[in-house]
Amino acid sequence: MHFPPPQTALSEPNGMLAFGGDLSPQRLLAAYRQEIFPWYSPGDAILWWSPDPRAVLFPHAFHQSRSFSRFVRRCRWHVTLNQAFAEVVSACAERGAEGSWIGTEVEIAYSHLHQLGHAHSIEVWDDETLVGGNVQIPTYPIICSGDIRSVIPIFSDHPFQ
0 MHFPPPQTAL
10 SEPNGMLAFG
20 GDLSPQRLLA
30 AYRQEIFPWY
40 SPGDAILWWS
50 PDPRAVLFPH
60 AFHQSRSFSR
70 FVRRCRWHVT
80 LNQAFAEVVS
90 ACAERGAEGS
100 WIGTEVEIAY
110 SHLHQLGHAH
120 SIEVWDDETL
130 VGGNVQIPTY
140 PIICSGDIRS
150 VIPIFSDHPF
160 Q
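For the record, in the sequence shown the residue sitting at position 21 is 20 according to my numbering, with numbers rising by one throughout.
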């Protein structure tokens, strides 16, 4: 499975690199290893992207504000790993009027990656209610993070966002 070099992605639309192919585990992993990801509307051809610049988080540079620290101390939330993968992917796909690039084909492909041990979910719970989460595909030396879903407005300040 070969992709064009990410440096050859279009500047407009930013990051458009290739189209076609499938969402097989081999192709998805090959793409993520090169910082390429699928993003397309359900029913359309698969589009492969590598935008520049990318949103990159450096954990050592994270600064937690005082207001967020107070929020965390009072918060009843707890975080789990891989406890509700299907629910997180499904919640990411439910975007209502704003739409989502995660259709049934993508849900199935990510679930397959998860079954193979290549995709993980981080879940945020308020007691027993899933209030946020994201899907990640770790590929050395980076972790590619898929969609993020939150149902509580303050969650936009959470480090996942």
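Ideal placement from N, C-alpha and C gives every residue a C-beta, glycine not left out.
Please read these numbers as outputs of a predicted model, since none were measured by experiment.
Span separating the alpha-carbon of residue i from that of residue j
| i | j | result |
| --- | --- | --- |
| residue 115 | residue 79 | 19 Å |
| residue 33 | residue 5 | 7 Å |
| residue 15 | residue 131 | 29 Å |
| residue 64 | residue 53 | 24 Å |
| residue 17 | residue 66 | 43 Å |
| residue 1 | residue 70 | 46 Å |
| residue 135 | residue 68 | 25 Å |
| residue 45 | residue 3 | 15 Å |
| residue 22 | residue 127 | 33 Å |
| residue 24 | residue 111 | 7 Å |
| residue 91 | residue 99 | 8 Å |
Unbroken beta strand (DSSP E) run spanning residue i, endpoints
| i | result |
| --- | --- |
| residue 121 | 119-125 |
| residue 137 | 128-138 |
| residue 80 | 76-80 |
Identity of the residue in the options nearest residue i by Cα
| i | options | result |
| --- | --- | --- |
| residue 36 | 129, 109, 125, 113 | 109 |
| residue 8 | 100, 47, 89, 43 | 47 |
| residue 102 | 10, 43, 19 | 43 |
| residue 50 | 13, 117, 92 | 13 |
| residue 93 | 83, 106, 81, 82 | 106 |
| residue 183 | 38, 129, 62 | The displayed coordinates of the chain run from 0 to 160. Any statement about residue 183 would go beyond what the structure contains. |
| residue 41 | 138, 104, 133, 112 | 104 |
| residue 83 | 38, 39, 62, 133 | 133 |
| residue 20 | 113, 85, 39 | 39 |
Residue span of the alpha helix (DSSP H) that contains residue i, given as start and end
| i | result |
| --- | --- |
| residue 107 | 103-114 |
| residue 66 | 65-73 |
| residue 85 | 84-92 |
Three CB pairs or more closer than 8 Å across the stretch 52-67 and the stretch 112-132: no
Inter-stretch contact (C-beta, 8 Å, three-pair minimum) for the stretch 19-36 and the stretch 65-78: no
Unbroken stretches of the beta strand (DSSP E), 3 residues or longer, contained in the stretch 2-54: 15-18, 46-48
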